[in-house]
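Inspection log for the structure reproduced underneath, given as structure tokens.
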Amino acid sequence: MEAAQNDENAIEDSPSTKLTSLAAPQQLLSKNARKKLLKQQKYEAKKAEKKAQAKEQKKKEAERKRKEWEETLASVTEEERSKLIESRKSLRMERMEKRSDEREKKAERLNRAKQCGQNIVIDLEFSHLMTPAEINSLVQQVMYCYAVNGRCTNPGHLWLTGCEGEMGSQLQRLPGFDKWIIEKESRSYIEALQDQKENLVYLTADSETVLDELDPRKIYIVGGLVDRNRWKGITMKKAEEQGIQTAKLPIGNYLKMSSSQVLTVNQVIEILLKFLETRDWKASFFQVIPQRKRCEADSVGCQGEEEAEDNQEKDDVTNRKKQCI
Numbered sequence: 001m002e003a004a005q006n007d008e009n010a011i012e013d014s015p016s017t018k019l020t021s022l023a024a025p026q027q028l029l030s031k032n033a034r035k036k037l038l039k040q041q042k043y044e045a046k047k048a049e050k051k052a053q054a055k056e057q058k059k060k061e062a063e064r065k066r067k068e069w070e071e072t073l074a075s076v077t078e079e080e081r082s083k084l085i086e087s088r089k090s091l092r093m094e095r096m097e098k099r100s101d102e103r104e105k106k107a108e109r110l111n112r113a114k115q116c117g118q119n120i121v122i123d124l125e126f127s128h129l130m131t132p133a134e135i136n137s138l139v140q141q142v143m144y145c146y147a148v149n150g151r152c153t154n155p156g157h158l159w160l161t162g163c164e165g166e167m168g169s170q171l172q173r174l175p176g177f178d179k180w181i182i183e184k185e186s187r188s189y190i191e192a193l194q195d196q197k198e199n200l201v202y203l204t205a206d207s208e209t210v211l212d213e214l215d216p217r218k219i220y221i222v223g224g225l226v227d228r229n230r231w232k233g234i235t236m237k238k239a240e241e242q243g244i245q246t247a248k249l250p251i252g253n254y255l256k257m258s259s260s261q262v263l264t265v266n267q268v269i270e271i272l273l274k275f276l277e278t279r280d281w282k283a284s285f286f287q288v289i290p291q292r293k294r295c296e297a298d299s300v301g302c303q304g305e306e307e308a309e310d311n312q313e314k315d316d317v318t319n320r321k322k323q324c325i
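Take UniProt numbering: the last position of the sequence shown gets the number 325, and nothing is skipped along the way.
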């Protein structure tokens, strides 16, 4: 009990907690919220430690490969050494040309999406409600969204609105952010897209309208908020105040969630992109939503389907062998 009390006291005095209270001076953290914050801080610390270990391991692996290469060159004749070096240069050139070709194709797809792709907005106007750690988490999610969209054969036309303040500063620190083929707006979406207000649809789990299909004329908005359950219903309230449409993903029609139906920004974006490619909500949900977020029955059912498919494959192989015999 004393250790737990000390941890809670430490949180109260920690910089992130002070920043949280500055961001929301009228909201005092409850005992349960402090415990959640402590858990999040431990998670972030563990994540940073793993990242450092992976970086060190990568460095060691690079050093090992360099030594192996030097030993290989030292153990052969001058003529063989020249051939090895030339071969290595050729491989590098091939890889560079392949990457360059992939970048060009990606740029073509994203530029085409700006003309005829599905418009999807990430609303970044909630940064004043988040701690620096939560803003950093959201920035990482945005980066993942852009990467996933760039790999899609049928990418969407992504928008970032409300790119200002701390959120804008952290986005600018991302490598290559200035070259992203994406709409970047310091204004809110309601200002930037005021001439298309009737087509705006805010995606929120609190909506009563279920999204059955993606309308290419509509502009779907995803709330950029890592709220740790502190700001329930805020996106729905915002949409109602602005007088724009709302909708929720049809998750309940295809699977049961172990807790709430609230997903991370990158999960929502990836689900929308998967649906644009497959036009299949069920496949999109099962490919993106982690198994830990699904009810046990869904997970077991999914495993049962996989086992059935595996058994069918085994039977097919057995039958083919019999036919051959």
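Backbone N, C-alpha and C fix where the C-beta goes; we use that ideal spot for every residue, glycine too. Since this is a predicted model, take the numbers as computed values, not measurements.
DSSP has residue i in a bridge; who is on the other side?
i, result
"Met93", "Paired residue(s): none; Met93 is not in a bridge."
"Leu158", "Ile120"
"Ala115", "The sequence given here places Gln at residue 115; Ala does not occur at that position. Looking at the DSSP assignment, Gln115 forms no beta bridge with any residue, so it has no partner."
"Glu49", "For Glu49, which the question treats as bridged, DSSP gives no partner whatsoever."
"Gln41", "Per DSSP, none; premise fails for Gln41."
"Ala247", "Leu203"
"Arg294", "Met257"
Give the straight-line distance between the Cα atoms of residue i and residue j, rounded to the nearest whole angstrom.
i, j, result
"Trp281", "Ala247", "15 Å"
"Lys89", "Met96", "11 Å"
"Glu306", "Lys274", "Only weak support exists for where Glu306 lies, its pLDDT of 43 falling under 50; the value from the coordinates is given anyway. Cα-Cα distance, rounded: 20 Å."
"Asn266", "Phe285", "13 Å"
"Thr209", "Leu249", "9 Å"
"Asn119", "Tyr202", "12 Å"
"Asn136", "Met93", "36 Å"
"Ser220", "Glu166", "Looking at the sequence shown, residue 220 is not Ser but Tyr. About 24 Å."
"Ile269", "Glu56", "32 Å"
"Ile289", "Ser186", "31 Å"
"Lys197", "Gly243", "9 Å"
"Ala192", "Ala205", "24 Å"
"Glu44", "Leu129", "19 Å"
"Leu255", "Arg294", "7 Å"
"Leu174", "Gln141", "12 Å"
"Ser87", "Arg81", "10 Å"
"residue 337", "Phe126", "Here the chain comprises residues numbered 1 to 325, so residue 337 is not present and cannot be evaluated."
"Lys35", "Leu29", "10 Å"
"Gln41", "Pro132", "12 Å"
"Ala54", "Lys46", "12 Å"
"Gly176", "Met143", "11 Å"
"Ala283", "Leu124", "28 Å"
"Gly304", "Lys179", "Interpretation of Gly304 is limited by its pLDDT of 43, a score under 50 that renders its predicted location unreliable; the figure taken from the coordinates is listed afterwards. Going from the Cα of Gly304 to the Cα of Lys179 covers about 45 Å."
"Ala113", "Glu63", "42 Å"
"Arg66", "Glu164", "44 Å"
"residue 349", "Ile122", "The displayed coordinates of the chain run from 1 to 325. Any statement about residue 349 would go beyond what the structure contains."
"Lys31", "Gly233", "21 Å"
"Asp195", "Tyr189", "11 Å"
"Lys98", "Arg151", "15 Å"
"Lys39", "His157", "36 Å"
"Met257", "Lys58", "37 Å"
"Leu263", "Asp212", "18 Å"
"Val222", "Gln245", "13 Å"
"Glu70", "Lys83", "14 Å"
"Ala48", "Arg292", "22 Å"
"Glu61", "Glu79", "28 Å"
Out of the options, which has the shortest C-alpha to C-alpha gap to residue i?
i, options, result
"Val139", "Gly224, Leu129 and Gln41", "Gly224"
"Lys184", "Thr209, Ala48, Tyr146 and Lys31", "Tyr146"
"Arg217", "Gly117, Thr204, Ala48 and Val148", "Gly117"
"Leu37", "Lys50, Lys98, Leu193 and Glu134", "Glu134"
"Leu214", "Asn199, Ser207, Val226 and Asp227", "Asn199"
"Leu110", "Leu124, Pro155 and Glu277", "Pro155"
"residue 338", "Gln115, Lys179 and Ser207", "Within the shown structure, residues of the chain are numbered from 1 to 325, placing residue 338 beyond reach of any answer."
"Thr153", "Gln291, Arg292 and Thr278", "Thr278"
"Glu104", "Ala52, Ile181 and Leu73", "Ile181"
"Ala33", "Asn149, Asp227 and Glu70", "Asp227"
"Leu276", "Leu73, Asn149, Ala52 and Lys51", "Asn149"
Mind checking residue i: buried by the 16 CB within 10 Å criterion, or exposed?
i, result
"Asp101", "exposed"
"Ala107", "exposed"
"His252", "Here residue 252 is Gly; the residue named in the question, His, does not match the sequence. Its Cβ having fewer than 16 others within 10 Å, Gly252 is exposed."
"Lys18", "Because the pLDDT at Lys18 is just 42, under 50, the model does not fix this residue reliably, and the point stays unresolved."
"Trp159", "buried"
"Val76", "exposed"
"Lys238", "buried"
"Thr235", "buried"
"Leu91", "exposed"
"Ile271", "buried"
"Arg230", "buried"
Using a Cβ-Cβ distance under 8 Å, would residue i count as near chain D?
i, result
"Arg88", "Absent from the structure is chain D; it holds one protein chain and no more."
Please give me, in chain order, every unbroken run of the alpha helix (DSSP H) with length at least 4 that falls completely inside the stretch 158-243. 165-172, 189-192 and 234-242
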